[in-house]
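Presented below is the structure to which this report refers.
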Amino acid sequence: MNEFQLIAYLPILLMFLVAAGFGSSQVILSALLGQRKATKTKLMPYECGKDPVGSARERFSVKFYLIAMLFILFDIEVIFLVPWAVVFRDFVASGNAAFIYIEMMVFVALLLVGYVYVVKKGTFEWGDRARVEAETEAKILARQERLAAIQVERKAA
Amino acid sequence: MFDTNNPLLIAGAQFLGIFLAFNAVLVLTAYLSLVERRVLAVMQGRLGPNRVGWFGLLQPLADGIKFIFKEDIAPDKATKFIYILAPFIAIISALMTLIVYPFGPVVTLPFSETFFGAPVTFPMTVARMDVALLYVLAVTSVGVYAIALAGWSSNSKYSLMGGLRSAAQMISYELSLGLSLIGVILMSGTLDLFSIAEQQGGWFGMKWNIFFQPLGFFVYLISAIAETNRVPFDLPEAETELVAGFHTEYSAMKFALFFIAEYVNMTTVSMLAATLFLGGFQGPFVAEFPILGPFYFVAKVFFFLFLYIWLRGTLPRFRFDQLMNFGWKFLLPVALLNIILTATIAVFFYSR
Chain P
1 MNEFQLIAYL
11 PILLMFLVAA
21 GFGSSQVILS
31 ALLGQRKATK
41 TKLMPYECGK
51 DPVGSARERF
61 SVKFYLIAML
71 FILFDIEVIF
81 LVPWAVVFRD
91 FVASGNAAFI
101 YIEMMVFVAL
111 LLVGYVYVVK
121 KGTFEWGDRA
131 RVEAETEAKI
141 LARQERLAAI
151 QVERKAA
Chain Z
1 MFDTNNPLLI
11 AGAQFLGIFL
21 AFNAVLVLTA
31 YLSLVERRVL
41 AVMQGRLGPN
51 RVGWFGLLQP
61 LADGIKFIFK
71 EDIAPDKATK
81 FIYILAPFIA
91 IISALMTLIV
101 YPFGPVVTLP
111 FSETFFGAPV
121 TFPMTVARMD
131 VALLYVLAVT
141 SVGVYAIALA
151 GWSSNSKYSL
161 MGGLRSAAQM
171 ISYELSLGLS
181 LIGVILMSGT
191 LDLFSIAEQQ
201 GGWFGMKWNI
211 FFQPLGFFVY
221 LISAIAETNR
231 VPFDLPEAET
241 ELVAGFHTEY
251 SAMKFALFFI
261 AEYVNMTTVS
271 MLAATLFLGG
281 FQGPFVAEFP
291 ILGPFYFVAK
301 VFFFLFLYIW
311 LRGTLPRFRF
321 DQLMNFGWKF
331 LLPVALLNII
341 LTATIAVFFY
351 SR
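Protein chains in written order, with my numbering: chain P, 1 to 157; chain Z, 1 to 352.
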């Protein structure tokens, strides 16, 4: 509608400077005025008062990656809906209702097909199914450990 | 006489607006933390903080001073640069959206005729952008980085789990949040928040979008609470199981930045809800007396903020699989249904 003017986006820069200035000034102030008596135990990662066991950077459930990938896919589709929604009223008012309506319903239908597929695949099953899988994996691991222990015993004997 | 089109003058006015909005929101968040503690105390039959100042009114100030004088620790196993960067991302992404919200209708600057030769009128918003709503979505979604990075860089198990959960939760509910806004965009045909608020001025200032978009409002409200990590969606913090979640290892002002960011996020999300669904500054008699606009706006924002506190005093926390199921299997389809319904009705309503 309006002509593009870069000056209209100046407040974003100003707000960024104000926010960053606020954050850094507070942190610097607390770094200068706060006390500093760092001891070795104080600098340990918190683990309920015990010495931390192993590193925290271990493997975590692959489900989180899956959720992140699905988010990217669906979020892009949401963003595609935004320009359609903006021009929707003008199109309908100018008599192109059928075109814009059917066009977008096809898009939403495709989105729904993907969504149904993802749900049927069990991506969002965090409860029973995941627990069964984890239990089977734990059983296999336990059996392997037992076998290894038996082998060590045999060697010793 | 001054030239009102002077870029420096405009930039100065914008800076003044930013400064005012920034300070107002900071004071608001400080007192929001006090109000939350007092109201929760009343709900739970306690007194709450009432010792510092009259009725505990100086408590936020005391908290701030305490934060400054606390020791600022970075755990020795942490990835230092990211560890320091994360709270800055949180506070910047929380504050950045302040500039686009319409705080009031178009008003005339008092005494402007004597200074500028002609009456100066301006909308009570810092920046009126065509892409305001998209800008809000873009900037708030950066907040996920702050939490994920904070959780990872602390190198503590609680932080990592809190960060992971939180990232998964926030991105899941961001989908429904984005989809619930499409209905409003369909109706108003613009992304400019000021125009959206202006369009809701009919029916004696009561033609609010909530009456046309009850489903969208419902989805937006739930996803907004999940986005800000508040009860009943406060899994990232979950103090009974994860100590403090992603900010377990943070102390002093770095912790305070996360804390302020959370409350600023609550405020901005409430502002967006008020603007999109409750008519923003619109209300009875605003057309006659524009100065009433900001009061209506603040009252609506306060309503949402009270709702947040009320929910915290009432509801228990979700389990993680319940949370994910609710977001993906219930809210997302409902949001899509809302879009299809709105479009279908609008085709009959708008076409000639």
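Beta carbons: idealized from backbone N, C-alpha and C, even for Gly.
When the options are compared against residue i, the one with the closest alpha-carbon
i	options	result
V42/Z	A273/Z, F349/Z, W310/Z	W310/Z
Y173/Z	L133/Z, R230/Z, S153/Z	R230/Z
S24/P	G12/Z, T121/Z, L85/Z	L85/Z
G327/Z	I171/Z, E262/Z, K80/Z	I171/Z
L361/Z	Q144/P, L112/P, R143/P, W84/P	The requested residue 361/Z is not part of the displayed model; chain Z covers only 1 to 352.
Y158/Z	T97/Z, T121/Z, M266/Z, F246/Z	F246/Z
G202/Z	L278/Z, S166/Z, A252/Z, T248/Z	L278/Z
F74/P	F107/P, Q144/P, V86/P	F107/P
E227/Z	Y145/Z, M253/Z, L191/Z, A252/Z	Y145/Z
F348/Z	R89/P, V132/P, L111/P, E103/P	R89/P
K37/P	N6/Z, I73/Z, A244/Z, A274/Z	I73/Z
A8/P	Y250/Z, E288/Z, M266/Z, R128/Z	R128/Z
F124/P	A346/Z, S251/Z, P333/Z, Q322/Z	Q322/Z
W152/Z	G163/Z, V142/Z, F330/Z	G163/Z
S156/Z	Q5/P, P52/P, F22/P, A20/P	P52/P
I182/Z	F115/Z, L332/Z, F320/Z	L332/Z
F289/Z	Y308/Z, Y31/Z, G189/Z, P105/Z	P105/Z
S93/Z	V27/Z, R46/Z, G143/Z	G143/Z
A78/Z	P7/Z, I18/Z, A150/Z	A150/Z
L160/Z	G21/P, F64/P, F16/P	F64/P
L81/P	L66/P, M104/P, A156/P, V113/P	M104/P
G189/Z	I76/P, I72/P, V86/P, L13/P	V86/P
T29/Z	N6/Z, R51/Z, D63/Z, L16/Z	D63/Z
F71/P	I345/Z, Y350/Z, M324/Z, A346/Z	M324/Z
E262/Z	V298/Z, L305/Z, L292/Z, Y350/Z	L305/Z
P232/Z	Q169/Z, L47/Z, K80/Z	Q169/Z
F103/Z	P294/Z, K300/Z, V301/Z, Y308/Z	P294/Z
M271/Z	A244/Z, M253/Z, K300/Z	K300/Z
One or two residues paired with residue i in a DSSP bridge
i	result
F122/Z	V107/Z
Supposed close pair residue i, residue j - CB separation, criterion 8 Å
i	j	result
L264/Z	V100/Z	The sequence as given places Val at residue 264/Z; Leu does not occur at that position. Contact flag wrong, Cβ pair sits at about 14 Å.
G34/P	K70/Z	6 Å
L175/Z	V78/P	6 Å
I260/Z	L29/P	Contact flag wrong, Cβ pair sits at about 14 Å.
F318/Z	L235/Z	7 Å
P11/P	V139/Z	Incorrect: roughly 12 Å between the Cβ atoms, too far for contact.
T268/Z	L98/Z	7 Å
F22/Z	V18/P	6 Å
A224/Z	L177/Z	7 Å
I100/P	F91/P	4 Å
A335/Z	S180/Z	5 Å
M266/Z	M15/P	Contact doesn't hold; Cβ gap of about 18 Å is too wide.
F320/Z	R165/Z	6 Å
A93/P	Y350/Z	6 Å
Y83/Z	P60/Z	The pair is not a contact, with the Cβ atoms about 26 Å apart (cut-off 8 Å).
- With 7 Å as the C-beta to C-beta threshold (strictly closer), list the residues of the stretch 34-68 of chain Z near chain P in chain order. Here the close residues are F67, I68.
- Does the stretch 212-226 of chain Z come close enough to the stretch 25-37 of chain Z that 3 or more CB-CB pairs lie under 8 Å? Judged by Cβ distances under 8 Å, the stretch 25-37 of chain Z makes no contact with the stretch 212-226 of chain Z, as fewer than three pairs qualify.
- When you check each C-beta in the stretch 77-102 of chain P against every C-beta of chain Z, which residues fall closer than 7 Å? Those would be V78, L81, V82, A85, V86, F88, R89, D90, V92, A93, G95, A97, Y101, in chain order.
- Residues of the stretch 4-16 of chain P with a CB closer than 8 Å to any CB of chain Z: list them in chain order, please. With the criterion set as a beta carbon lying under 8 Å from some beta carbon of chain Z, the members of the stretch 4-16 of chain P are I7, A8, Y9, L10, P11, I12, L14, M15, F16, in sequence order.
- Inspect the CB distances between the stretch 109-120 of chain Z and the stretch 31-49 of chain P and report whether three or more fall short of 8 Å. No, the stretch 109-120 of chain Z does not touch the stretch 31-49 of chain P.
- Flag this pair as touching only if the stretch 54-74 of chain Z and the stretch 127-144 of chain Z have three or more C-beta atom pairs under 8 Å; answer yes or no. Contact between the stretch 54-74 of chain Z and the stretch 127-144 of chain Z is absent: fewer than 3 CB-CB pairs across the two stretches fall below 8 Å.
- Query: Is the number of C-beta pairs between the stretch 301-318 of chain Z and the stretch 192-203 of chain Z that are closer than 8 Å three or more?
  - Reply: The stretch 301-318 of chain Z makes no contact with the stretch 192-203 of chain Z; the number of CB pairs closer than 8 Å stays below 3.
- Mind the definition here: the stretch 54-61 of chain P touches the stretch 108-118 of chain P only if three or more C-beta pairs lie below 8 Å; say whether that holds. Segments in contact, no.
- Counting Cβ pairs, one atom from each stretch, are 3 or more of them under 8 Å apart for the stretch 271-284 of chain Z and the stretch 78-96 of chain Z? No, the stretch 271-284 of chain Z does not touch the stretch 78-96 of chain Z.
- Query: Three or more beta-carbon pairs under 8 Å between the stretch 129-144 of chain P and the stretch 333-350 of chain Z, yes or no?
  - Reply: Cβ pair count under 8 Å is below three, so no.
- Task: Please list the residues of the stretch 58-69 of chain P that have a C-beta atom closer than 9 Å to any C-beta atom in chain Z, keeping them in chain order.
- Result: Those would be E58, F60, S61, K63, F64, I67, A68, in chain order.
- Which of the residues in the stretch 108-119 of chain P, read from start to end, lie with their CB under 8 Å from any CB of chain Z? Sequence-ordered contacts of the stretch 108-119 of chain P with chain Z read V108, L111, L112, Y115, V119 [C-beta pairs closer than 8 Å].
- Which of the residues in the stretch 14-38 of chain P, read from start to end, lie with their CB under 8 Å from any CB of chain Z? L14, M15, F16, V18, A19, A20, F22, G23, S24, Q26, V27, L29, S30, A31, L33, G34, Q35, R36, K37, A38: these are the residues of the stretch 14-38 of chain P whose beta carbon lies less than 8 Å from some beta carbon of chain Z, given in chain order.
- Of the residues that make up the stretch 74-106 of chain Z, which ones have a beta carbon closer than 9 Å to any beta carbon in chain P? Going along the stretch 74-106 of chain Z in chain order, one finds A74, P75, D76, K77, A78, I84, P87, F88, A90, I91, I92, S93, A94, L95, M96, T97, L98, I99, V100 with a Cβ nearer than 9 Å to chain P.
- Could you name the residues of the stretch 122-136 of chain Z whose beta carbon sits closer than 7 Å to any beta carbon of chain P, in the order they occur along the chain? Cβ contacts with chain P: V126, A127, M129, D130, L134.
- Task: Could you list the residues in the stretch 319-334 of chain Z with a C-beta less than 8 Å from some C-beta on chain P, going in chain order?
- Result: Only F320, D321, M324, N325, W328, K329, L332, P333 from the stretch 319-334 of chain Z bring a Cβ to less than 8 Å from some Cβ of chain P.
- Query: Taking a cut of 8 Å between CB atoms, which residues from the stretch 162-173 of chain Z lie near chain P?
  - Reply: Cβ contacts with chain P come from L164, A167, A168, I171, S172.
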